[in-house]
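Residue numbers (my numbering): -3 to 98. Backbone N, C-alpha and C fix where the C-beta goes; we use that ideal spot for every residue, glycine too. Model, not experiment: these values are computed from the prediction. Have a look at the structure below before the remarks.
In structure tokens:
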């Protein structure tokens, strides 16, 4: 596939999410034609896309290990967010009620 065809295929792929049925159908037909001209199936074309693997500690529970900087930083971030949330609630509770009448 030439760089121009590849760029066109990317633009056409964006049209597959169109709200217009006709535009989606036209985009699918054009994309399929580009793939056919290049001897590719949709499966072959999509198989070359990188697959993003989730970070392992995002998918399983990990106990902090000595020297595990990422785990330590995530713990600190969670603590900071909890403190920020608690402080915001305390601030809102300490403000005098605003009179909505004019």
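A direct Cα-to-Cα measurement between residue 80 and residue 64 gives close to 24 angstroms.
Taking the Cα positions, residue 2 is about 42 angstroms away from residue 73. Residue 12 and residue 32 have their C-alpha atoms roughly 18 angstroms apart. Judged by beta-carbon spacing, residue 36 lies within the 9 angstroms limit of residue -3, meaning their Cβ atoms are closer than that value.
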